[in-house]
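Going down the list, the sequences are from chains U and R.
Just so we're aligned, residue 1 is where the first sequence starts under the working numbering, counting upward by one.
Just so we're aligned, residue 1001 is where the second sequence starts under the working numbering, counting upward by one.
Backbone N, C-alpha and C fix where the C-beta goes; we use that ideal spot for every residue, glycine too.
These figures come from a predicted structure and were not determined experimentally.
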Amino acid sequence: MFRLRKNILPIISKTFLKPTQTSKNKLVIYLQGRRLLSNEADDKYSLKHEEVGRPLYFDAQATTPVDPRVLDAMLPYLVTYHGNPHSRTHAYGWESEAAVEKAREQVAHLIGADPKEIVFTSGATESNNVSVKGVARFYAPRKKHVITTQIEHKCVLDSCRALEGEGFKVTYLPVQENGIIKLEDLEQAITSETSLVSIMAVNNEIGVKQPIADIGALCKSKKVFFHTDAAQAIGKVPLNVNKMNIDLMSISGHKIYGPKGIGALYIRRRPRVRVEPIQSGGGQERGMRSGTVPTAITVGLGAACELAEREMTYDHAWMEKLSQRFLEKIFSKLTHVIRNGDPEQSYPGCINLSFAYVEGESLLMALKDVALSSGSACTSASLEPSYVLRAIGADEDLAHSSIRFGFGRYTTAEEVDYTAEKTIRHVERLREMSPLWEMVQEGVDIKTIQWSQH
Amino acid sequence: MSIGVTKMQILSLYKSLMRESQKFSNYNFRSYAVRRVRDAFKDSKTLSDPKLIKQELSFAKANLNIIRRQVIIGDMYKTDKLVIENLQ
Chain U
1 MFRLRKNILP IISKTFLKPT QTSKNKLVIY LQGRRLLSNE ADDKYSLKHE
51 EVGRPLYFDA QATTPVDPRV LDAMLPYLVT YHGNPHSRTH AYGWESEAAV
101 EKAREQVAHL IGADPKEIVF TSGATESNNV SVKGVARFYA PRKKHVITTQ
151 IEHKCVLDSC RALEGEGFKV TYLPVQENGI IKLEDLEQAI TSETSLVSIM
201 AVNNEIGVKQ PIADIGALCK SKKVFFHTDA AQAIGKVPLN VNKMNIDLMS
251 ISGHKIYGPK GIGALYIRRR PRVRVEPIQS GGGQERGMRS GTVPTAITVG
301 LGAACELAER EMTYDHAWME KLSQRFLEKI FSKLTHVIRN GDPEQSYPGC
351 INLSFAYVEG ESLLMALKDV ALSSGSACTS ASLEPSYVLR AIGADEDLAH
401 SSIRFGFGRY TTAEEVDYTA EKTIRHVERL REMSPLWEMV QEGVDIKTIQ
451 WSQH
Chain R
1001 MSIGVTKMQI LSLYKSLMRE SQKFSNYNFR SYAVRRVRDA FKDSKTLSDP
1051 KLIKQELSFA KANLNIIRRQ VIIGDMYKTD KLVIENLQ
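Written out as structure tokens, the structure is:
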């Protein structure tokens, strides 16, 4: 009897333990399922991420993926042709030089410039630095005043701060509530001391287009150099340096489906604009930007520019279709949503919305399966409200609740629907939890409340 | 249709472009390629100048080769599927 038990027990435990384990699991799942179903309040506020997979990309203002056609143009220069484009003594250098010069032509063609007026840099940040600091410093003996706007990109503003430290005077033009500058303000700000006006073409956070042609004409009549940061505008809205009287223009590769780490600077030759180079070295790029030109990514920038030129109208029509679809969905379901920036004079691929009574960061956390940003990528680490939104006069609370939806060439209508539905659902959910929202529903004007001081 | 380029040629090119575009492993590239090819052929439907037709045809052929190469590269470095693909 004892031996029998001894022999049988392991067999029984081996065969029967496994099924009991799984049935136990089933029971647990069943119980949990019951609990989740039965607890309605929990269901309403819970943050379940039932969907699996990589998030959708809705941050085209931060960066864009490399277009397969661009990569296809780049690959030969990463795999086969490795010569230094500045080597003049052998075929390896010549073939690389030819590729770089072709890219220069492609970039120049997109903006209606001469290839000789294009300087390759590491990106729009470097282009902006060279333009702002370079022009200001070169003309410093005679003119020591620079004009820019309050909604410029950080790199222009920081360059201006550096100039202020060197004894320059800088005027930061305010913008109207729609994000566009007043031409009268600019006209009044220009003095005989002014050497440069730097105003971005399309804003990276609110997508507002400035009247570049009017600003260019004004600057020309006042004989002041005009620089525009066109990183977000190039290849998306038509720009022509001659028709718009632009003297310097910053271009970035990775905003137009090109590679990161490459950009370009347009510098007018007639009348000649001179800059003091920031980087000293071998005197490449007409001495304005020393350092070997990276052949492969330069070819990528050229290909991206050519592609952007060909696809501009097609892409723009798609952006308009998507943004209309998105806004219609959002505004049909949600109230108290404010669109930041001018609805007409803006690039349709960039939509900045403020959802009142919802905290922007918590909405971003809830929308985990969509890659979004509350503003520019450079400042997304800090919790401070964006200076661009403050400049357009948005209330502190609305500036905190803003989210930027950036559409790109590869965004599909299904993705837009998904994002709109998710946004609506989570805004409703977060508002449901908010005591402020409850007060608004009861008809209390939040602004009139005297919060007790502690 | 003009002499030199037959309707059959154009149709077979369209078919192979669509077939190859469907092979992109990346959801966004795939959707874009299919949409772009379809719209490009739709836009060029009214072309009558034989020179332009030939030009467009060689452009399409060059793009077919690009798509073929890029599908292979995309396949080598593919990632998990997007949220939206898992829903379907």
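- Message: Considering Cα atoms alone, identify which of U:Gly291, U:Cys350, U:Gly235, U:Arg404 is closest to U:Thr313.
- Response: U:Gly235
- Message: Distance cutoff 8 Å, beta carbons only. Does R:Lys1023 sit that close to anything in chain U?
- Response: no
- Query: If we count the other Cβ atoms within 10 Å of its Cβ and call it buried at 16 or more, is U:Lys223 buried or exposed?
  - Reply: exposed
- Query: Taking the continuous beta strand (DSSP E) assigned at U:Val119, which residues delimit it?
  - Reply: 118-121
- Could you tell me which residues DSSP pairs with U:Met249 in its beta bridges? U:Thr228, U:Tyr266
- Taking U:Tyr314 as part of the beta strand (DSSP E), name the residues at either end of that continuous run. Premise fails: U:Tyr314 lies in the alpha helix (DSSP H), 295-333, not in any beta strand (DSSP E).
- Message: Cβ closer than 9 Å: which chain R residues qualify as neighbours of U:Val52?
- Response: Asp1080, Lys1081, Val1083, Asn1086
- Query: Can you find a C-beta in chain C that's less than 8 Å from the C-beta of U:Arg409?
  - Reply: The displayed structure is made up of protein chains U and R, and chain C is not among them.
- Query: Can the beta-carbon of U:Gly393 be found closer than 8 Å to that of U:Glu152?
  - Reply: no
- Report buried or exposed for U:Asn204, applying the criterion of at least 16 other Cβ atoms within 10 angstroms of its Cβ. buried
- Own chain, CB closer than 7 Å to U:Leu398, minus 5 neighbours either side, in chain order: Ile338, Ser354, Ala356
- Are U:Ala189 and U:Thr228 closer than 8 Å when you measure CB to CB? no
- Report the neighbours of U:Asp158 on chain R: residues whose CB is nearer than 9 Å to its CB, in chain order. Those do not exist, as U:Asp158 stays about 34 Å from chain R at its closest Cβ, beyond 9 Å.
- Item | Residue interval of the beta strand (DSSP E) (run including U:Tyr387) | Careful: U:Tyr387 lies outside any beta strand (DSSP E), inside the alpha helix (DSSP H) at 387-391.
- Item | Top-ranked residue by Cα proximity to U:Gly207, from U:Met319, U:Ser192, U:Ala108 | U:Met319
- Interfacial residues, the stretch 1060-1074 of chain R to chain U, with Cβ spacing under 8 Å: Asn1063, Ile1066, Ile1067, Arg1069, Gln1070, Ile1073, Gly1074
- Message: Could you tell me the alpha carbon to alpha carbon distance between U:Gly117 and U:Asn240, rounded to whole angstroms?
- Response: Contrary to the premise, residue 117 of chain U reads as Glu rather than Gly in this sequence. Answer to the nearest angstrom: the Cα atoms are 13 Å apart.
- Query: U:Pro409 by DSSP, collapsed to three states: which one?
  - Reply: First, the amino acid is wrong: residue 409 of chain U is Arg here, not Pro. Three-state result, U:Arg409: coil.
- Helix, strand or coil: which one does DSSP assign to U:Arg104? helix
- Would a C-beta distance cut-off of 8 Å place U:Gly123 and U:Ile262 closer than the cut-off? yes
- Message: Under DSSP, the alpha helix (DSSP H) around U:Arg339 begins and ends at which residues?
- Response: Careful: U:Arg339 lies outside any alpha helix (DSSP H), inside the beta strand (DSSP E) at 337-340.
- Item | Cβ neighbour criterion (16 or more within 10 Å) applied to R:Lys1051 | exposed
- Query: Along the chain, where does the beta strand (DSSP E) that runs through U:Asn352 open and close?
  - Reply: 350-355
- Item | CA-to-CA distance, U:Val358 to U:Gly33, given in whole angstroms | Residue placement at U:Gly33 cannot be trusted, given a pLDDT of 45 that sits under 50; what the coordinates show is reported in the next sentence. Between U:Gly33 and U:Val358, the C-alpha separation is close to 30 Å.
- Can you check the stretch 151-180 of chain U for any alpha helix (DSSP H) of at least 4 residues that lies completely inside it and give the ranges in chain order? 154-165
- Query: Assuming U:Pro68 and R:Gln1070 make a contact with CB atoms under 8 Å, what is their CB distance in whole Å?
  - Reply: 4 Å
- Find the nearest neighbour of U:Leu218 within the set U:Ala233, U:Asp247, U:Pro238, judged by alpha-carbon distance. U:Asp247
- Output, in chain order, the set of chain R residues within a Cβ distance shorter than 7 Å of U:Glu421. The contacting residues do not exist; U:Glu421 stays about 11 Å from chain R at best.
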